[in-house]
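Asks: Numbering (our numbering), first residue to last: 107 to 268.
For glycine and all other residues, C-beta sits at the position ideal for the given N, C-alpha and C.
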Ligand code: ASC
């Protein structure tokens with residue numbers, strides 16, 4: 107193994123440990139939400155479900171099927187394209203877990219949604235070609251980090267949630 111391969115392998119391993127440590131999506135209770143808040147929670151849940159299926163494959167919990175990545179990345183790409191439209195100004199409060207700074211930093215939020223869409227599109231391209239599974243895993247991790255960075259900045263922490 108040359109040096110670059112070694113570091114790449116080490117960073118993939120570190121990333122796998124990182125994603126294994128992430129809270130499962132099921133910890134977020136969406137009960138009681140209505141209207142646009144429910145709509146965006148349903149979209150997030152659909153993306154989380156798709157991420158969970160692919161994540162289990164990346165972690166080796168179930169056999170990796172490239173078709174599952176084609177489907178999963180499509181789900182994430184389609185919903186992430188809708189994200190900004192699901193957060194009209196002032197739609198925090200109630201059952202929503204969105205932090206109001208999201209609207210103060212709208213440009214940043216928009217850029218993050220776009221980045222998630224781009225990362226999902228890239229994952230879709232990779233899963234549709236005959237490349238190696240390793241690059242698929244690396245791209246999946248990039249996508250997960252993009253989801254996570256937006257949640258870190260703009261979603262209430264677990265203890266503040268409803
Ligand atoms: C998911 C999910 C998220 C993201 C993030 C990835 O499956 O529910 O919020 O992926 O955890 O890092």
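Are the segment 233 to 250 and the segment 167 to 175 touching by the rule of at least three beta carbon pairs closer than 8 angstroms?
Replies: Yes, the segment 233 to 250 is in contact with the segment 167 to 175.
Asks: For residue 130, which residues from the same chain have a beta carbon less than 6 angstroms from its beta carbon, with the 5 sequence-adjacent residues on both sides left out?
Replies: For the purposes of this step, residue 130 is taken as the residue at position 24 of the chain shown. Residue placement at residue 130 is flagged as unreliable, the pLDDT there being 47, under the threshold of 50; the coordinate-derived value follows with that caveat. So no residue of the chain qualifies.
Asks: What do you reckon, is the C-beta of residue 178 under 8 angstroms from a heavy atom of ligand 1?
Replies: Working through the chain shown from its first residue, we reach residue 178 at position 72. For ligand 1, not one heavy atom lies less than 8 angstroms from the Cβ of residue 178.
Asks: Leaving out five residues on either side along the sequence, give the residues of the same chain with a beta carbon under 6 angstroms from the beta carbon of residue 189.
Replies: Indexing the chain shown from 1 puts residue 189 at position 83. The residues are 219.
Asks: Between residue 157 and residue 237, is the Cβ-Cβ spacing less than 9 angstroms?
Replies: The sequence position of residue 157 within the chain shown is 51, counting from 1. The sequence position of residue 237 within the chain shown is 131, counting from 1. Cβ distance not < 9 angstroms, so residue 157 and residue 237 don't count as in contact.
Asks: Under 8 angstroms by Cβ, that's how I've got residue 254 and residue 205 pegged, so tell me the actual separation to the nearest angstrom.
Replies: Taking the first residue of the chain shown as 1, we reach residue 254 at position 148. Taking the first residue of the chain shown as 1, we reach residue 205 at position 99. Not a contact, Cβ separation roughly 15 angstroms.
Asks: Give the C-beta separation of residue 148 and residue 183 to the nearest angstrom, bearing in mind that I take them to be a contact with Cβ-Cβ under 8 angstroms.
Replies: Position 42 of the chain shown, counted from the start, is the residue given in the question as residue 148. Position 77 of the chain shown, counted from the start, is the residue given in the question as residue 183. About 17 angstroms separates the two Cβ atoms, so there is no contact after all.
Asks: Apart from the five residues on each side of it in sequence, which residues of its chain come closer than 7 angstroms, Cβ to Cβ, to residue 160?
Replies: Against the chain shown, residue 160 aligns to sequence position 54. Taken in chain order, the residues that qualify are 174, 175, 178, 246.
Asks: Do you know how far the Cα of residue 239 is from the Cα of residue 139?
Replies: Your numbering for residue 139 matches position 33 in the chain shown. Your numbering for residue 239 matches position 133 in the chain shown. Distance between the alpha carbons of residue 139 and residue 239: 38 angstroms.
Asks: For residue 204, is the beta carbon positioned less than 8 angstroms from some heavy atom of ligand 1?
Replies: For the purposes of this step, residue 204 is taken as the residue at position 98 of the chain shown. Incorrect: residue 204 has no Cβ contact closer than 8 angstroms to ligand 1.
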